[in-house]
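Note that my numbering gives residue 226 to position 172 of the sequence shown, counting from 1, and the numbers run on in steps of one.
The structure appears right after this line, and notes come after that.
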Amino acid sequence: MGNGQVYVGAREVMTASTAVDKPQADRYNDICELFANLCPERLYMKKVISLLLAVLMLAGTLCGCTAAPDGTGKLKIVCTVFPLYDWMRQLTAGSDGVELILIADNGVDMHSYQPTTGDIVDISTCDMLVYTGGQSDEWVDEIVERSGNGHMTVAHLIDELGDRALCAAPHEHNDHEDSHDGHHHHEDAKDEHIWLSAVNARVLCERLSAMLCRLDSGNAPVYEANAEEYIAALEELDKQYRAAVDEGQSKALLFADRFPFRYLAEDYDIAYCAAFDGCEAETEASFDTVAHLAAEIDSKQLDWVLIIEGSEDRLARTIIGASHRPDCGVLTLDSMQSVTAEDIDGGVTYLSVMEENLAVLRQALGC
């Protein structure tokens with residue numbers, strides 16, 4: 055495994071959601087506004103969800119959740135984030151009997167996502183739910199628990215990974231970690247960014263295909279053929295990543311940003327250090343963090359500093375400026391946490407992003 059270091063800081067508690075999906079829930083606007091007025095401080099998301107579910111049940115919206123698939127209607131599959139949605143899109147390609155729904159399709163990542171009433175209805179009434187199952191998905195667990203939908207097939211992907219699921223914070227820390235207050239990781243919390251590993255993708259697509267075949271046996275041959283083709287593409291992607299790391303002059307990455315790429319780094323034994331951990335809400339690095347990362351640039355003779363999509367390079371430039379390698383450049387890796395519906399319509403896929411990341415990785419490692 056990689057000899058990694060990640061700084062861990064406080065995560066912001068989710069605020070109460072007051073957003074409502076108007077096409078489905080115009081009649082609940084007053085109720086949601088009341089919640090907001092009654093709760094000027096931050097409510098736990100689970101309390102808001104419980105109240106909304108109770109209202110929806112009383113109003114009849116959730117009465118009679120979808121029955122098990124019987125050939126008379128489409129199989130309703132809900133995915134929380136883009137990578138999982140795209141896996142299911144590939145696995146169900148060619149099947150006319152599937153309605154595939156992506157919850158987070160507006161570019162807001164799940165660390166700060168707040169569900170609408172429409173999201174609650176979609177999850178509560180689906181035939182199959184596909185989600186990571188980490189700390190950011192606790193609100194999803196609350197919906198599933200209270201939905202009363204006994205027909206739902208639930209794919210909790212961190213559980214499906216088993217021993218491959220990594221702890222949310224690495225076992226190795228350094229002396230600078232204490233400069234970050236408010237360490238809020240649960241001891242047993244797992245890293246949620248499971249999709250940033252072609253190996254994980256292959257394992258999980260095999261499991262998802264098997265679930266689909268059990269749920270909809272009539273279309274099993276389609277799902278099995280799709281899975282065979284897609285898994286072959288994932289295996290080829292894994293080989294390309296492994297070859298890039300083997301060819302690289304460097305075996306280390308430095309992120310002046312959050313670090314959601316731990317699965318990728320561990321897969322290929324890449325050393326790493328970062329300003330913040332994968333779920334960090336903080337964006338201001340301490341003096342000690344900047345000094346430490348600048349020293350890492352010098353000691354490892356790095357030519358590149360990395361950030362993730364949507365981030366500014368201000369911190370990266372500050373760290374480079376504090377080092378003795380002022381010609382260092384800045385590269386961006388895409389963690390797929392901000393993909394929008396427009397991006398998907400434009401042709402973005404899980405494989406296309408991973409291939410773009412491979413090109414960036416090759417540059418960062420000096421291939």
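We put the beta carbon where it would ideally sit given N, CA and C, even for glycine.
Task: Residue interval of the beta strand (DSSP E) (run including threonine 386) - done: Taking the first residue of the sequence shown as position 1, residue 386 is located at position 332. Run containing threonine 386: 383-387, per the beta strand (DSSP E) assignment.
Task: Continuous alpha helix (DSSP H) stretch holding methionine 142: start and end - done: Residue 142 sits at position 88 when you count from the first residue of the sequence shown. Element bounds for methionine 142: 136-145.
Task: Burial state of alanine 121 (16 or more Cβ within 10 Å) - done: Start at 1 with the first residue of the sequence shown, and residue 121 comes out as number 67. In this prediction, alanine 121 has a pLDDT of 42, which is less than 50 and means its spatial position is unreliable; what the coordinates show is noted afterwards. With fewer than 16 other Cβ atoms within 10 Å, it is exposed.
Open item on the list: Just to confirm before moving on: does the CB-CB distance between aspartate 311 and serine 365 stay below 9 Å?
Closed with: Along the sequence shown, one-based indexing puts residue 311 at 257. Along the sequence shown, one-based indexing puts residue 365 at 311. Yes, the pair counts as a contact, with Cβ atoms nearer than the cut-off.
Task: Buried or exposed by the 16-neighbour rule on C-beta atoms within 10 Å, applied to histidine 378 - done: Position 324 of the sequence shown, counted from the first residue, corresponds to residue 378. Its Cβ having fewer than 16 others within 10 Å, histidine 378 is exposed.
- [ ] Along the beta strand (DSSP E) that carries histidine 165, what are the first and last residues, could you check?
- [x] If you number the sequence shown from 1, residue 165 lands on position 111. First-last for histidine 165: undefined, no H or E at that position.
Open item on the list: Using a Cβ-Cβ cutoff of less than 8 Å, which residues in the same chain neighbour glutamine 417 once the five nearest sequence positions on both sides are dropped?
Closed with: As a first step, residue 417 must be located in the sequence shown, where it is residue number 363. So the list reads Trp358, Leu385, once near-sequence residues are dropped.
Task: Residue range of the unbroken beta strand (DSSP E) whose run includes alanine 418 - done: Reading the sequence shown from its first residue, position 364 is the one you call residue 418. Element bounds for alanine 418: not the beta strand (DSSP E) but the alpha helix (DSSP H), 404-419.
Task: CA nearest to the CA of valine 422, picked from Thr134, Tyr185, Ile174, Val152 - done: Residue 422 is absent from the model: the chain starts at 55 and stops at 421.
Open item on the list: Quick check on the DSSP output: the alpha helix (DSSP H) that includes cysteine 259 runs from which residue to which?
Closed with: On the sequence shown, position 205 is the one that residue 259 refers to. Per DSSP, cysteine 259 belongs to the alpha helix (DSSP H) from 252-269.
- [ ] Report the residue ranges of all beta strand (DSSP E) runs contained in full by the stretch 283-331; include only those spanning at least 3 residues, in chain order.
- [x] 306-309, 325-328
- [ ] Answer yes or no: do tyrosine 326 and phenylalanine 341 have a C-beta to C-beta separation smaller than 9 Å?
- [x] Your numbering for residue 326 matches position 272 in the sequence shown. Your numbering for residue 341 matches position 287 in the sequence shown. Contact: no.
Open item on the list: Just to confirm the assignment, what range does the beta strand (DSSP E) spanning glutamate 153 have?
Closed with: Your numbering for residue 153 matches position 99 in the sequence shown. Residues 152-156.
TODO: Could you tell me the distance, in whole angstroms, from the CA atom of glycine 204 to the CA atom of arginine 218?
DONE: Translated into the one-based positions of the sequence shown, residue 204 becomes position 150. Translated into the one-based positions of the sequence shown, residue 218 becomes position 164. Going by the C-alpha atoms only, they are around 29 Å apart.
TODO: Can you tell me the Cβ-Cβ gap for leucine 308 and leucine 347, rounded? I've got them flagged as a contact below 8 Å.
DONE: Sequence index remark: in the sequence shown, residue 308 carries index 254 (1-based). Sequence index remark: in the sequence shown, residue 347 carries index 293 (1-based). With 8 Å as the limit, leucine 308 and leucine 347 qualify as a contact, their Cβ atoms being about 6 Å apart.
Task: Residue interval of the alpha helix (DSSP H) (run including isoleucine 398) - done: Within the sequence shown, the letter at position 344 stands for residue 398. Segment 395-399, the alpha helix (DSSP H) holding isoleucine 398.
Task: As assigned by DSSP and simplified to three states, the class of histidine 378 - done: Taking the sequence shown and counting its residues from 1, the one referred to as residue 378 is at position 324. Coil, per DSSP.
Open item on the list: In whole angstroms, give me the CA-to-CA distance for glutamate 147 and proline 380.
Closed with: Working through the sequence shown from its first residue, we reach residue 147 at position 93. Working through the sequence shown from its first residue, we reach residue 380 at position 326. Note on identity: in this sequence residue 147 is alanine, with glutamate being the wrong assignment. Each residue's Cα considered, the two are about 49 Å apart.
Task: Close Cβ partners of alanine 376 (< 6 Å) along its chain, the five nearest in sequence each way excluded - done: For the purposes of this step, residue 376 is taken as residue 322 along the sequence shown, with counting starting at 1. Closer than 6 Å at Cβ, skipping near neighbours: Val344, Ala348.
TODO: Pick helix, strand or coil for aspartate 209, following the three-state DSSP scheme.
DONE: For the purposes of this step, residue 209 is taken as residue 155 along the sequence shown, with counting starting at 1. It is worth fixing the name first, because residue 209 is alanine in this sequence and not aspartate. If DSSP states are grouped into helix, strand and coil, alanine 209 belongs with the strands.
TODO: Using the Cα positions of arginine 256 and leucine 356, report the straight-line distance between them to the nearest angstrom.
DONE: Residue mapping note: residue 256 aligns to position 202 of the sequence shown, counting from 1. Residue mapping note: residue 356 aligns to position 302 of the sequence shown, counting from 1. Spanning the two alpha carbons is a distance of roughly 32 Å.
Task: Extent of the continuous beta strand (DSSP E) run through leucine 360 - done: Here residue 360 is taken as the residue at index 306 of the sequence shown, counted from 1. Looking at the DSSP string, the run of the beta strand (DSSP E) that includes leucine 360 is 358-362.
Task: glutamate 153 vs isoleucine 131 beta-carbon contact at 9 Å - done: Locating residue 153 in the sequence shown gives position 99, counting from the first residue. Locating residue 131 in the sequence shown gives position 77, counting from the first residue. Yes. Within cutoff.
Open item on the list: Given this structure, state the Cα-to-Cα distance separating glycine 188 from isoleucine 212, to the nearest angstrom.
Closed with: Taking the first residue of the sequence shown as 1, we reach residue 188 at position 134. Taking the first residue of the sequence shown as 1, we reach residue 212 at position 158. Computed Cα separation, rounded: 7 Å.
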